[in-house]
Every structure is written in structure tokens, then in C-alpha cells.
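What follows is one structure encoded as C-alpha cells, with my remarks underneath.
Chains as they are written, first to last, in my numbering: chain A, 29 to 266; chain B, 14 to 145.
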């Protein structure tokens, strides 16, 4: 029987939430594989597990629920082992490393911040900073928008300006938020935003992060920031 | 600012998917399930930014912008409308100011219309990706 692993935790005497279920359809019951004070949070694994939306959500939910009760090292989605015994062996083999990591993460959560630009505001900024672009824009406006070629060329120059602004604003956000966090990790760069960054932060300090994000948006109207958290510390377990 | 909690709700799932898939502890002794089929989620949207479509969209958006307004005013257009209407109500030049506010409102509506259109495109693209 294949075992699916959600995470490693130090639950002590804290039980798992009652009736906690995980991946699979119908959802499979979640249980613990323990070794001394460490516990792997596992369930059986359905045949032919695929990264479906429902299963990704189930993984996320199990890690989050356990994380509410004790520090947890979240596994990446889709970690499988031959058997519960093999999972126990792994806990035994690396027990010190896991304990150390769990101590470091105690009371910490991950917050993920994504930044995009509000288009009209950033276009205004880009034009305001570049007299050449402004006169091109004015000429195009006077000319009913300009020819296809003119619009293309103009749009490309604007896009270049927008990208430059993205770089500067990414730095601005990072410089503002990094001092509030214990650790910072950027990426993955695949979500359509110009900045995607995660922070490891003390739970008590989260309010300050949110305040600072609000302040940034107010002071820089071109910024549209999305915050996700508190999350299990996915980005800070390696 | 949009804020999503980490617990449960599907609304923020798309935005934390990448963390569940790309981050998290990896243990050599464990096998990882094949992620074939999920790759579509990782399409580099940045590539789309450097496209003819984007250039034309930017050109179009700039064509609609009021070049005389400052960058900060642009983001606060609704506020300006509010101020204009308010001062207009007290002053003698009410008619003229309301006219100006109307024009600004039209401009806002135009820009908003544009926004709605582009966000709809994004939403449908995301939907397609999620359905894969």
C-alpha cells in the first residue's frame, strides 16, 4: 500500500483534528505515523494520483489544519512512500534535522505577496516620466490613434517603460517589507505578476506586514498587491 | 489590497498552488507523483507581456489617457470627481464644474470598460488553465 505524506510535525499529545480527510475521491482519512516525538501526517494514496485541483486543495487543507495545532514541515505535493514503515525509517534517519527545522519554524508563518500594476496608473507614470513618449502619445491622439505601425512602435516603447517600472517597484516593495520578516524568498516567476515573494514572519508581526502593504498601496497608487497568508511555511523548509 | 487566508477557501487556491507544487519539503527517499498535466499552469505569462497584443493594448490605453493629468491624479480620478462635485455644489460655477466632472466620469468609464475587458480575458485564460 502506497503512503501519501502531507508533512512532518511535532504534535506531542495534540490529536489530529477529528475526521480530518485528505486526497482522494472520496477523501481518504488522515492518520499519523510516529517515531518518538515526531509524526508524519499521512493517508493512503489513491491509485493513479494526479495533481487535480481537488487533491491540491486537500493537501493544502491538511497541512494548514495540522499547522494550526503544531509547527509543521509541509511536504511538496505528491510525496509518496512504499509503506508506513518506510516513512518511519525516514523519520528515524533524519530526526535531528527535522526537530531542528521545526524549532526554527515554531510560531512562524509564511506570507506570500504578489504585485501587479494598475494599468491606467502605471501608464500615466510611464508617460509622465518620459517627454518623448508623451509627445508621441499626443501626436497619435491628434492623429486619431495613429497608424497600425505607429501604435505598435509606440506600444512597444510604453511596454519597455512599464517593465522598467516593474523592476523599480519590485525593489521598492521588497525593501519595504523585508525588514519586517525573518526570511525572504522570491519566485516562482510564473504567475503573471512582476513580483512574487514569500516572507517567513512571526505570527505576531503579521499585522505590521499587512499595514505596510496597505501603506505602500496608498503611497503608490500604481501598485496592486495581493497578500496570501498565514500559510504553512512551504518556502522555508529546505 | 486583496488578502486571502491560507486556510481552506478556494478563492486563493490558484495563487498558492505554485507553493504547494514548487515549494515544500522534498525527501529523497520518497517518490514524487508525476506532475504531467499540471505544466500548463506554469506557462510564463511574462512572455505574453512582450506581445503585439500588449503593445496595441498599451497604445490604445494611452490614447484614452488624459495626458494633462498627473500620474497621481489618474489613480485618484474618482476622488477628483468627488471634490469637483462637492465644490461645485457650493460655488456659482456649478454648471461648468458639473460638466467637467461629467467628462472625467466618462473618461473613468472608458478606462474602466477597458479594465473590465482585460480582466475578463485574464479570468478566462486562468479558467482554461485550471480546467486542464
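Positions of the beta carbon are idealized from the N, C-alpha and C atoms, including for glycine.
Listed in chain order, the non-local C-beta contacts of residue 45 of chain B below 6 Å within the same chain number zero, local neighbours out to five positions each way being set aside.
Within chain B, no residue has its CB atom less than 7 Å from the CB of residue 170 of chain A, the nearest being about 10 Å off. The three-state secondary structure of residue 243 of chain A, taken from DSSP, is helix. Neighbours of residue 175 of chain A in chain B, taken as residues whose beta carbon is under 9 Å from its own, are absent, since the nearest beta carbon is some 11 Å off.
By the Cβ rule, the segment 101–121 of chain A does not count as touching the segment 213–229 of chain A, because fewer than three pairs are nearer than 8 Å. Listed along the chain, the chain B residues whose CB falls inside 7 Å of the CB of residue 87 of chain A are 33. At a cut-off of 7 Å, the C-beta of residue 66 of chain B has no neighbouring C-beta in chain A. A Cβ of chain B is located within less than 7 Å of the beta carbon of residue 107 of chain A. Residue contact check for residue 28 of chain B against chain A: a CB pair falls below 7 Å.
With respect to the 7 Å criterion, residue 95 of chain A and residue 207 of chain A are not classified as neighbours on the basis of their beta carbons. Buried is the label assigned to residue 254 of chain A, since at least 16 other Cβ atoms lie within 10 Å of its Cβ. When 8 Å is used as the limit between beta carbons, residue 186 of chain A is near these residues of chain B: 68, 71, 72, 75, in chain order.
Look at residue 175 of chain A here: in three-state DSSP terms it is coil, with no helix or strand label.
According to DSSP, residue pairing for residue 35 of chain A in a beta bridge involves A:69, A:102. Listed by position along chain B, the residues whose Cβ is nearer than 9 Å to that of residue 131 of chain A form an empty set, because the closest Cβ is around 15 Å away.
DSSP links residue 142 of chain A through a beta bridge to A:224, A:254.
For residue 102 of chain A, the nearest CB of chain B lies under 7 Å from its own CB, placing it at the interface with that chain.
Closest in alpha carbon position to residue 62 of chain A, among A:119, A:108, A:175, is A:119. Remark: fewer than three beta-carbon pairs, one from each stretch, lie closer than 8 Å, so the segment 147–162 of chain A and the segment 126–133 of chain A are not flagged as touching.
Excluding five sequence positions before and after residue 182 of chain A, the CB atoms of its chain that fall closer than 8 Å to its own CB belong to 161, 164, 165, 168, 174, given in chain order. Look at residue 107 of chain A here: in three-state DSSP terms it is strand. Ranked by Cα distance from residue 69 of chain B, the options A:115, A:140, A:177 are led by A:177. Taking a 10 Å sphere around the C-beta of residue 33 of chain A, we find 16 or more other C-beta atoms and assign the residue as buried. Distance between residue 68 of chain A and residue 39 of chain A, taken at the CA atoms: about 10 Å.
Taken through DSSP and simplified to helix, strand or coil, residue 216 of chain A comes out as coil. In the displayed model, residue 96 of chain A falls within coil according to three-state DSSP, outside both helix and strand. Looking at the backbone, the Cα of residue 88 of chain A and that of residue 180 of chain A are separated by about 44 Å. Contact annotation, residue 48 of chain A with residue 58 of chain A: C-beta distance approximately 4 Å; criterion of less than 8 Å satisfied. Between residue 144 of chain A and residue 72 of chain A, the gap from beta carbon to beta carbon reaches 7 Å or more.
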